[in-house]
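Q:
Protein chains in written order, with our numbering: chain A, 33 to 266; chain B, 831 to 1120.
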């Protein structure tokens, strides 16, 4: 298993945001977590990245216990995140945003990686000198994804990549996710758009009030009556 | 005309010192969006520690280096003991912590050292150069040179190195900085260390021209802050230009009006800028699309 989470809990002050989470992600898998607003999806990804402390339980990455490891060290181990709301370094150029994505990598590997990602996202190459804050929402999302990939992650965490974007752009983002998984990147995706999120996934989890209430093959979840009723609007 | 050049030289000299102090403000601001009101105390430590190390028999150049190192240690201590434990405190709360640190340092300096004025010999003598009928002390040339070199080094650091960019990134978006693997605690610590060194360097350079005292940091810190605001907090070029603007305005006011107005000038300028042009001459206006 690439990522193993057992009995994980996390709190904001005295409010419990996550409770007894058990979750695994295997190599080259795409796993989607669906759930309503406030179910704890973002908290879960923040806890995996280490920017939110775990109050209980264990997170293992390639068998190594990383529950108390600093966020910076987790990036070095191979966990990279595309955060919710894109989180640009807004006044800095597109290229600087990308270079910072590779902060943990050896210097000589940065340039080739940059060219590779410009190949994948030609739009970003056109705008490389522009401040990231001036890009459109869709372009910023592409940049957020590219920046996370600059770290060459073994596990890519994606938090609501479709949020606030026009349907046509959302399609583009999901095409990109499909392309990424075809290249063998392991992805843990969090989506409010349950249908789109589960459609690209191998497996899925349903999160409700900080607990996992359902898990299974993505296709099974898509066909599940409860999921349909609660999240797919069917 | 001779008079004018005389005032200009003295304004440029003190302005370059303000610029060094303003660079310290900007460095810390760039890494953490924090305004460190203990910046002036680093200047005081630079001058006072050099004087007292020299009095203890240490060669002057080495005494100056040790004084700069002492300021770095103090700056790091402020960050570790004052700022880091207060994580999550509001901006105003953090500013008050730095004001408290400044008062503590000043008090300790008054006790550990003394409450008298002290001076240092200039680096290359006191034989003035005469330019356009006005005199310019060699110490002023040292101050211009050191400030210029420091400004270039900092420009290179922030514009060209990944570590410099990581420091800026930490200020713009600390969450994103952590998520790309930047150790944000280390970044803030390094910014304090650098700001301590810059402040102390300013203190070492100015003491031969303006005697130092345990309370000298208050006014110098405020002038440096004014320079940083005029230039635009966080902008390196702004800190330099802001420092020179304040220094020259002060010297002109003291020369042509009355030296009683000297200190008032900086504060009138800072008020005007805060009201009319808060982003300063070279400050970044918000360019962000949400």
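For every residue, glycine included, the Cβ atom is placed at its ideal position computed from N, Cα and C.
Restricting to Cα atoms, I'd like to know which of 1084/B, 1061/B, 1074/B, 1046/B is closest to residue 1102/B.
A: Out of 1084/B, 1061/B, 1074/B, 1046/B, 1061/B has the C-alpha closest to the C-alpha of residue 1102/B.
Q: For residue 246/A, which option in 47/A, 46/A, 55/A has the closest C-alpha, if you only look at C-alpha atoms?
A: Comparing Cα-Cα distances from residue 246/A to each of 47/A, 46/A, 55/A, the minimum goes to 55/A.
Q: Tell me, to the nearest whole angstrom, how far the beta carbon of residue 64/A is from that of residue 192/A; I am working on the premise that it is less than 8 angstroms.
A: That pair is no contact at about 11 angstroms.
Q: Any beta carbon of chain B sitting closer than 9 angstroms to that of residue 153/A?
A: For residue 153/A, the answer is no, since every Cβ of chain B falls outside 9 angstroms of its Cβ.
Q: Please report the straight-line C-alpha distance between residue 1098/B and residue 190/A, rounded to a whole angstrom.
A: Near 51 angstroms, if we compare the C-alpha coordinates of residue 190/A and residue 1098/B.
Q: Could you tell me which residues DSSP pairs with residue 35/A in its beta bridges?
A: According to DSSP, which records beta bridges pairwise, residue 35/A is partnered with 57/A, 93/A.
Q: In chain B, which residues lie with their C-beta within 8 angstroms of the C-beta of residue 107/A?
A: Residues of chain B passing the Cβ test: 1009, 1010, 1011.
Q: Give the interface partners of residue 135/A over in chain B, defined as CB-CB distance under 8 angstroms, in chain order.
A: Going along chain B in sequence order, the residues near residue 135/A (Cβ under 8 angstroms) are 992, 996, 1010, 1011, 1012.
Q: Does any residue of chain B have a CB that is nearer than 9 angstroms to the CB of residue 199/A?
A: For residue 199/A, the answer is no, since every Cβ of chain B falls outside 9 angstroms of its Cβ.
Q: With DSSP run on the structure shown, which of helix, strand or coil describes residue 160/A?
A: In this structure, residue 160/A counts as coil in the three-state DSSP scheme.
Q: Should residue 1111/B be flagged as near chain A, meaning a C-beta pair shorter than 9 angstroms?
A: Not one chain A Cβ lies under 9 angstroms of residue 1111/B.
Q: Throw me the rounded Cβ distance for the residue 1047/B and residue 932/B pair, which I believe falls under 8 angstroms.
A: The Cβ separation is near 7 angstroms, so the contact holds.
Q: Excluding five sequence neighbours on each side, which residues of the same chain lie with their C-beta closer than 7 angstroms to the C-beta of residue 101/A?
A: The answer, listed in chain order, is 82.
Q: Beta-carbon of residue 183/A versus every beta-carbon of chain B: anything under 9 angstroms?
A: So yes, residue 183/A belongs to the interface.
Q: Do residue 230/A and residue 254/A have their C-beta atoms within less than 9 angstroms of each other?
A: A contact, by the Cβ cut-off of 9 angstroms.
Q: Just the C-alpha distance for residue 834/B and residue 964/B, rounded to the nearest angstrom, thanks.
A: Approximately 8 angstroms between the Cα atoms of the pair.
Q: To the nearest angstrom, how far is the alpha carbon of residue 1054/B from that of residue 51/A?
A: Going by the C-alpha atoms only, they are around 51 angstroms apart.
Q: Are the C-beta atoms of residue 1003/B and some chain A residue less than 9 angstroms apart?
A: With 9 angstroms as the cut-off, residue 1003/B counts as an interface residue toward chain A.
Q: In terms of residues, what are the limits of the alpha helix (DSSP H) holding residue 237/A?
A: Careful: residue 237/A lies outside any alpha helix (DSSP H), inside the beta strand (DSSP E) at 235–240.
Q: Smallest Cα separation from residue 154/A: which of 142/A, 139/A, 242/A, 174/A?
A: Comparing Cα-Cα distances from residue 154/A to each of 142/A, 139/A, 242/A, 174/A, the minimum goes to 174/A.
Q: If you check the beta carbons only, do residue 1031/B and residue 898/B fall under 9 angstroms apart?
A: The answer is yes: Cβ separation under 9 angstroms.
Q: Under 9 angstroms, Cβ to Cβ, is there at least one residue of chain A near residue 999/B?
A: Chain A, which has a Cβ nearer than 9 angstroms to the Cβ of residue 999/B, makes this yes.
Q: Measuring only between beta-carbons, confirm whether residue 1006/B sits less than 9 angstroms from chain A.
A: It does: the Cβ of residue 1006/B has a partner Cβ on chain A nearer than 9 angstroms.
Q: Pull up the distance between the alpha-carbon of residue 906/B and that of residue 1022/B, whole angstroms please.
A: Near 6 angstroms, if we compare the C-alpha coordinates of residue 1022/B and residue 906/B.
Q: Compare the beta carbon distance of residue 1057/B and residue 1040/B with 9 angstroms and say whether it is the shorter of the two.
A: Not a contact, by the Cβ cut-off of 9 angstroms.
Q: Closer than 9 angstroms, CB to CB, is residue 102/A near chain B or not?
A: Chain B, which has a Cβ nearer than 9 angstroms to the Cβ of residue 102/A, makes this yes.
Q: Since residue 81/A meets chain B, which of its residues come closer than 7 angstroms, beta carbon to beta carbon?
A: Simply 1009.
Q: Against chain B, with Cβ distances strictly below 9 angstroms, would residue 113/A count as a contact?
A: Taking Cβ atoms only, chain B reaches closer than 9 angstroms to residue 113/A, which makes this a yes.
Q: For residue 1108/B, count neighbouring Cβ atoms within 10 angstroms of its own Cβ and tell me buried if that reaches 16, exposed if not.
A: Exposed is the call here.
Q: Mind checking whether residue 875/B and residue 1051/B have CB atoms under 9 angstroms apart?
A: Result no, Cβ atoms of residue 875/B and residue 1051/B do not sit closer than 9 angstroms.
Q: Are three or more beta carbon pairs between the stretch 106–118 of chain A and the stretch 174–186 of chain A nearer than 8 angstroms?
A: Short answer: they touch.
Q: Output, in chain order, the set of chain B residues within a Cβ distance shorter than 7 angstroms of residue 128/A.
A: By Cβ distance, chain B contributes 995.
Q: Determine, for residue 122/A, whether the minimum Cβ-Cβ distance to residues of chain B falls below 9 angstroms.
A: Judged by the 9 angstroms Cβ criterion, residue 122/A is in contact with chain B.
Q: Please check if any C-beta of chain B sits within less than 9 angstroms of the C-beta of residue 131/A.
A: It does: the Cβ of residue 131/A has a partner Cβ on chain B nearer than 9 angstroms.
Q: Strictly under 9 angstroms for the Cβ-Cβ distance: is residue 226/A near chain B by that measure?
A: No - not a single Cβ of chain B is within 9 angstroms of the one on residue 226/A.
Q: Which residues in the same chain as residue 1112/B place their Cβ atom closer than 8 angstroms to its Cβ, once the five residues preceding and following it in sequence are excluded?
A: Counting only Cβ-Cβ distances below 8 angstroms, and skipping sequence neighbours, we find 1061, 1062, 1065, 1067, 1068, 1071.
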